[in-house]
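Chains as they are written, first to last, in the numbering used here: chain D, 1 to 114; chain A, 1001 to 1113.
Even for Gly, the Cβ is constructed at its ideal location relative to N, Cα and C.
All values reported here derive from a predicted model rather than from experimental measurement.
In what follows, a single structure is set out as structure tokens and then discussed.
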Amino acid sequence: GQNIDQPTEMTATEGAIVQINCTYQTSGFNGLFWYQQHAGEAPTFLSYNVLDGLEEKGRFSSFLSRSKGYSYLLLKELQMKDSASYLCAVRDMGDGGATNKLIFGTGTLLAVQP
Amino acid sequence: DTEVTQTPKHLVMGMTNKKSLKCEQHMGHRAMYWYKQKAKKPPELMFVYSYEKLSINESVPSRFSPECPNSSLLNLHLHALQPEDSALYLCASSQYGGIETQYFGPGTRLLVL
């Protein structure tokens, strides 16, 4: 089966650093995505990890450990506009790699306070 | 151009109505997707089209009927919906339907009365 877990809510202060964790169990893992979604809007792609290690992109970094089924998204120098839901999504290639099927976690609602 | 567009932005329909949601992308992507998202829930995959052919149907009720007229367009035809079908319907596209990133449109917010 498939299972993706994230904290439901987090609160952080403007200018600080926050780490959002994601653990997963899936049969045909082939990559993990992080998306940002503001209320009522579409998810926006943030990062992609398929190999172990850290991927850095400006204020956002994402880490993956395949052996532990674990990823985190690190947001630095938090800004008020970073208040949003952050979705962890795992690519499931259980059908032999024919189709790009994303399984989303429930999302972490981040509130950035002044 | 990395934009996926969807129309309409909002739709209110009765349970006996027939309506259609439209999605368009001009990135040359060959895979397109429909997702349903309820409030405070993650997106749930409904359909996947790869090279204009339906490749995944996640056991979606027949009152939802997808159509892919060409590689740039994706429609979702709605008929005899139920109030519980009220949700944000998101369209996404990716380059080939394999391992690439999916890019989402802004969604259509549907309310079924």
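Query	Result
State the Cα-Cα distance for the pair serine 1020(A) and leucine 1076(A), rounded to the nearest angstrom.	6 Å
With a threshold of 8 Å between beta-carbons, can tyrosine 1089(A) be considered close to chain D, or not?	no
Less than 8 Å between the beta carbons of leucine 110(D) and tyrosine 86(D), yes or no?	yes
Compare the C-alpha of alanine 1031(A) against each of Ala1087(A), Leu1113(A), Pro1069(A) and name the closest.	Pro1069(A)
Taking the beta carbon of aspartate 15(D) as the centre, do at least 16 other beta carbons fall within 10 Å, making it buried, or is it exposed?	One detail in the question is off: residue 15(D) reads as glycine in this sequence, not aspartate. Counting Cβ neighbours within 10 Å, glycine 15(D) comes out exposed, since fewer than 16 surround it.
Serine 1065(A) bridges to which residues according to DSSP?	His1077(A)
Classify threonine 1108(A) as buried or exposed, calling it buried when 16 or more other Cβ atoms lie within 10 Å of its own Cβ.	buried
Thinking glycine 105(D) and aspartate 5(D) are a contact (beta carbons under 8 Å), I'd like their distance in whole angstroms, please.	7 Å
Is threonine 106(D) close to chain A? Criterion is C-beta to C-beta, closer than 8 Å.	yes
Which residues in chain D sit within 8 Å of proline 1066(A), going by Cβ to Cβ distance?	Result: empty, since nearest Cβ-Cβ is about 15 Å, beyond 8 Å.
Is the beta carbon of lysine 1036(A) less than 8 Å from the beta carbon of tyrosine 1103(A)?	no
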